[in-house]
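Visitor:
Numbering (the working numbering), first residue to last: 179 to 312.
Put into structure tokens, the structure is as follows:
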């Protein structure tokens with residue numbers, strides 16, 4: 179595991195998780211083959227404990243707003259962290275629809291701006307992403 183400059187925050191990061199180690203090795207191999215490009219890894223962690231499982235992406239250290247969805251009582255909830263510009267920086271998902279698990283890492287990687295009010299109430303997440311500003 180090596181440190182890398184995170185293009186989203188311009189900070190040096192070191193993430194000790196097998197997922198990061200695997201993607202760093204793949205990135206290094208591509209670089210050795212002359213296929214150089216920016217390393218854009220979204221930190222990822224997960225756990226499965228008996229019948230509970232959760233996934234976490236991103237980094238909450240630059241979060242300004244927290245949005246919760248679902249039910250804590252039913253252990254089926256998600257938490258979304260947005261920065262000052264309402265760009266998604268982290269997400270925690272436990273026993274929620276696949277859509278949330280699929281969108282979270284892509285939205286973090288791409289710096290997607292989300293409307294917190296729509297995110298809180300939207301049944302489907304697709305409508306939570308802000309319309310591009312022209």
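Positions of the beta carbon are idealized from the N, C-alpha and C atoms, including for glycine.
Terminal residues of the continuous beta strand (DSSP E) containing residue 254?
Guide: By one-based count along the chain shown, residue 254 stands at place 76. Taken as a continuous stretch (DSSP letters only), the beta strand (DSSP E) holding residue 254 covers 254-260.
Visitor: Can you grab the Cα-Cα spacing for the pair residue 253 / residue 217, in whole Å?
Guide: The sequence position of residue 253 within the chain shown is 75, counting from 1. The sequence position of residue 217 within the chain shown is 39, counting from 1. Taking the straight line joining both Cα atoms gives about 34 angstroms.
Visitor: Report the rounded CA-to-CA distance for residue 236 versus residue 248, giving the unit in angstroms.
Guide: Here residue 236 corresponds to residue number 58 of the chain shown, with the count starting at 1. Here residue 248 corresponds to residue number 70 of the chain shown, with the count starting at 1. Approximately 20 angstroms, taken between the alpha carbons.
Visitor: Classify residue 256 as buried or exposed, calling it buried when 16 or more other Cβ atoms lie within 10 Å of its own Cβ.
Guide: Walking along the chain shown from the start, residue 256 turns up at place 78. So residue 256 ends up on the buried side.
Visitor: Which value, in whole angstroms, describes the spacing of the CA atoms of residue 188 and residue 268?
Guide: Within the chain shown, residue 188 is the residue found at index 10, counting from 1. Within the chain shown, residue 268 is the residue found at index 90, counting from 1. Distance between the alpha carbons of residue 188 and residue 268 is about 16 angstroms.
Visitor: Should residue 196 be labelled buried (16 or more other beta-carbon atoms within 10 Å of its own) or exposed?
Guide: Against the chain shown, residue 196 aligns to sequence position 18. By the 10 Å Cβ count, residue 196 comes out exposed.
Visitor: Have a look at 297, 206, 266 and flag the residue whose alpha-carbon is nearest the alpha-carbon of residue 215.
Guide: Mapped onto the chain shown, residue 215 falls at position 37. Ranking 297, 206, 266 by Cα distance to residue 215 puts 206 first.
Visitor: Closest to residue 301 by CA distance: which of 193, 223, 246, 192 is it?
Guide: Reading the chain shown from its first residue, position 123 is the one you call residue 301. Per the Cα distances, 246.
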